[in-house]
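Working notes for the structure below.
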Amino acid sequence: MLQNQLETLILQALKKAMKKGDLPKIPLPEITVTRPRREGQGDYSTALPLQIVKPVNIALKEKGESKRSPMQIGEVLIKRLPPAAFLERAELAPPGFINFYLSPGWLAQQAGAIVQQGPAYYRLNLGQGRKVQVEFVSANPTGPLHFGGARNAAIGDVLARLLEHSGYQVQREYYVNDRGAQMQTFAMTLWRRYQQLFGLDVEIPPDGYPGAYMIDYAKKIQATYGDTLLALPEDQVPARFRELGLAIVLDELKADLALMDVHFDTWFSEQSLYDDGTFARVFAILSEQGDLYEKDGAVWFRASQYVGGNRDEVFVRSNGEPGYFASDMAYHYHKFIIRGFDWVIDVWAVDHQNQAKRLPPSMKAFGVDPARLTIVLYDLVTLKRGGKEVKISKRSGDIITMREVLEEVGADAARYFLLSHSNEARIDFDLDLAVAQSNENPVYYIQYAHARSASILRKAREAGLEPSAAHLDLLTCPEEQALLRKMLQLPEVVAQAVERLAPHYLPHYALDLAKTYTQFYGHCRVLSKDPEQKDLTQARLMLVQAAKLTLSYVLSLMGMTAPESM
RNA sequence: GCCCCCGUAGCUCAGUGGCCAGAGCAGCGGCCUUCUAAGCCGACGGUCGCAGGUUCGAAUCCUGCCGGGGGUGCCA
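To convert a position in the first sequence, counted from 1, into the numbering used here, add 586.
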């Protein structure tokens, strides 16, 4: 990344200035280079002179020399700045900024480099092959995914995509909570619905799942098994219907998630932790370490010694059932110790914030550095219809499913909308508004820019014109240069999104990029029949191709389609 | 009570120390014989919840307060 290269150059300049005696010796500061917001402040900027003016003057005073201003320090740094191909000049700006300008010629050449290297041009190697698991969605498998799950799916999937493109080896996992009380209730509701299909006068359990989808599940069982299951011995009912129901729900989840182009590598069963001895092993380890104790008939995990504070966690409930903390501990033991992930990212809704705070420090019980477990919290999605809130919970029975919303607004628009908010922001999603505004949705603007570039390239081919890197130096007009600059910003955006695990940088950048492209499109005619314009046309075609590739790349990072025509 | 998140233009939201605060949408004024007008150009629009503090510099960091949401030992 240019940003990093610049930081290195500035550091070299500082070291050299100190070595040559232009500046007194001071401890090396952290160099930060930013992109200024305004025009005329360069492509990059650093406030280093302002940052070091104090230590510099202290050092000068000790040597009995007179004080320097930030501007004087900046002047020295610029003088000592090593040359670089991408850099045209560095300018001093009051009260002590150094602004860097990219070389227009170098910029123009990047159009060729981007096309030649393809997406590899943008790929980063932040991860250096480290194994990271992104676990997301993981909604209870007791019904269809509601729209809140769609946000989890969008965030998790895009994080996975970002990490993949940044040199990590990524596994996407869905944690299936296929044990515990809610699973039991689910199985019994299904059983009753099944019986009802044959006219039996039975009620679903009082705390059961009232939603109509349960009837659909029962019908699926009926379609396969007819009435044969009515004769099932009562003691076999829960296990059998749990198994049948789970299979149906998982199939449905997979199909629904596929609508959003979300796919998992592994579907990890919670129950398997108990079947394969992982839980027993974790219990033994913690027990041996003295991390477990009994109180009020329950087994407690001494979380306080790892997390701090004085609160411990119920490990095995007084009814003998392991609690969620126990499952989470066993599950993460499996992730780190048995499967050996270097880094694990769990994507959770904000209502799990307490657990999110307590689980990572608890990893110390396994000798695992808590920094290897990152929990990404996102706020909930509130659905509205015509300004009125619609409940999306499963328990109320009447839920707005992810599938419904996707069918109404489309996967691309839904993804864009869900991604464009920062994780911490609550989302108000008005379905009526979303449908009404779908034509003004930024997602179409971005895709339109891509379709237009595809169209130009098609027309060029028909006219026998090909992109060429022979005269890229002709790409000097402001719109062309602005487009090149914007494209080169992509790696920085990706790096920032990865660093902060914040996918929302992507949609904002994508909109920016599309806007810059469309301005170029409006101001710089690409195809020309004038033979004298051939060199410029070919250079611009190269730029169009590079822009198309960049647009399609950022769209793919967001899991969105890049249409060739609209 | 304590803890976490949010409060920025009419609306939806970006912007986590840098030089005069941004975008989309809505509204206003221009632009279709030229590569897709799902577009372009221009103008309008803000006490960055409030009050202090730290800093050369604060929407951004700290403290307090107000408003909204969430969490808080046997649901996950």
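Even for Gly, the Cβ is constructed at its ideal location relative to N, Cα and C.
How big is the Cα-Cα spacing for residue i and residue j?
i: TYR1160; j: ILE741; result: Summary: the structure shown does not reach residue 1160, with the chain confined to residues 587 through 1152, and so no result is reported for it.
i: LEU678; j: GLU1066; result: 26 Å
i: PHE869; j: MET915; result: 10 Å
i: GLU820; j: ALA809; result: 21 Å
i: LYS640; j: GLN589; result: 25 Å
i: ARG747; j: VAL848; result: 11 Å
i: ALA676; j: TYR687; result: 6 Å
i: ALA1133; j: LEU1043; result: 11 Å
i: GLU1085; j: MET1073; result: 20 Å
i: ASP851; j: LEU636; result: 50 Å
i: GLU829; j: GLN768; result: 14 Å
i: ARG765; j: GLN702; result: 52 Å
i: LEU776; j: TYR910; result: 24 Å
i: GLU1048; j: VAL1029; result: 29 Å
i: PRO908; j: GLU721; result: 22 Å
i: TYR754; j: ASP787; result: 56 Å
i: PHE1157; j: LEU1069; result: Any answer about residue 1157 is impossible in this case: the structure gives the chain only from 587 up to 1152.
i: LEU1135; j: ALA1055; result: 16 Å
i: TYR630; j: PHE772; result: 57 Å
i: GLY797; j: HIS938; result: 25 Å
i: LEU1017; j: ILE871; result: 50 Å
i: TRP853; j: HIS1090; result: 26 Å
i: ILE638; j: LEU600; result: 10 Å
i: GLN891; j: VAL954; result: 15 Å
i: TRP886; j: ARG903; result: 8 Å
Looking at residue i: is its Cβ nearer than 9 Å to the Cβ of residue j?
i: GLN1033; j: LEU1141; result: yes
i: ALA697; j: ALA1125; result: yes
i: PHE1015; j: LYS970; result: yes
i: GLY831; j: TYR803; result: yes
i: GLN627; j: ASN685; result: yes
i: TRP929; j: TYR964; result: no
i: ASP932; j: LEU959; result: yes
i: ALA1035; j: TYR1103; result: yes
i: GLY735; j: ALA725; result: yes
i: GLY1145; j: ARG925; result: no
i: LEU646; j: SER655; result: no
i: VAL744; j: GLN719; result: no
i: ILE834; j: ILE801; result: no
i: LEU1058; j: GLN695; result: yes
i: PRO1093; j: SER1006; result: yes
i: ALA889; j: GLU899; result: yes
i: LEU1060; j: LEU1076; result: no
i: PRO792; j: HIS751; result: no
So, at 6 Å on beta carbons, what are the nonlocal neighbours of residue i in its own chain, with the 5 sequence-adjacent residues on each side left out?
i: ARG913; result: A small fix is needed here, since residue 913 is Ser in this sequence, not Arg. Contacts found: GLU856.
i: GLU990; result: none
i: THR864; result: ALA916, HIS920
i: ARG981; result: The pLDDT assigned to ARG981 is 49, lower than 50, so where the model puts this residue is not dependable; a value taken from the coordinates is nonetheless given after this. Nothing listed; no residue qualifies.
Please report the residue range of the beta strand (DSSP E) in which residue i lies.
i: SER631; result: 630 to 632
i: ARG1126; result: Counting along the chain, ARG1126 falls outside any beta strand (DSSP E), though it belongs to the alpha helix (DSSP H) covering 1120 to 1143.
i: ASP1016; result: 1013 to 1016
i: PHE887; result: 884 to 887
i: VAL902; result: 899 to 902
i: THR814; result: Element bounds for THR814: n/a, residue is neither H nor E.
i: LYS881; result: 878 to 881
i: THR594; result: Careful: THR594 lies outside any beta strand (DSSP E), inside the alpha helix (DSSP H) at 588 to 605.
Check for me: the alpha helix (DSSP H) holding residue i runs from which residue to which?
i: ALA1068; result: 1064 to 1074
i: THR810; result: 799 to 811
i: LEU836; result: 823 to 845
i: VAL762; result: Segment 755 to 762 is the beta strand (DSSP E) holding VAL762; no alpha helix (DSSP H) there.
i: LYS1115; result: Here LYS1115 belongs to no alpha helix (DSSP H), and DSSP marks it neither H nor E.
i: ARG779; result: 767 to 783
i: SER652; result: Neither: SER652 is in no alpha helix (DSSP H) and is coded neither H nor E.
i: PHE1106; result: 1091 to 1109
Excluding sequence positions up to five away, which residues of its chain have a Cβ less than 8 Å from the Cβ of residue i?
i: VAL893; result: LYS943, ARG944, PRO947, SER948
i: ALA603; result: LEU609, VAL662, LEU663, LYS665, ARG666
i: CYS1110; result: CYS1063, GLU1065, GLU1066, ARG1126
i: MET657; result: PRO635, LEU678, PRO680, PRO681, GLY682
i: ALA1088; result: SER1008, ASN1009, GLN1082
Can you list, in chain order, the residues of its chain whose CB lies under 7 Å from that of residue i, leaving out five sequence neighbours each side?
i: PHE672; result: LEU588, LEU688, SER689, TRP692
i: SER1114; result: THR1123
i: ILE923; result: PHE952
i: LEU845; result: ARG989, LEU992, ALA997
i: PHE784; result: ASP813, LEU816
Which residue spans inside the stretch 658 to 740 form an unbroken alpha helix (DSSP H) run of at least 4?
Taking only runs of at least 4 residues, the alpha helix (DSSP H) segments lying wholly in the stretch 658 to 740 are 690 to 703.
So within the stretch 914 to 982, which uninterrupted beta strand (DSSP E) runs reach at least 3 residues, ignoring any that extend past its ends?
Listed in chain order, the beta strand (DSSP E) elements of length 3 or more contained wholly in the stretch 914 to 982 are 929 to 935, 959 to 964, 967 to 971, 974 to 976.
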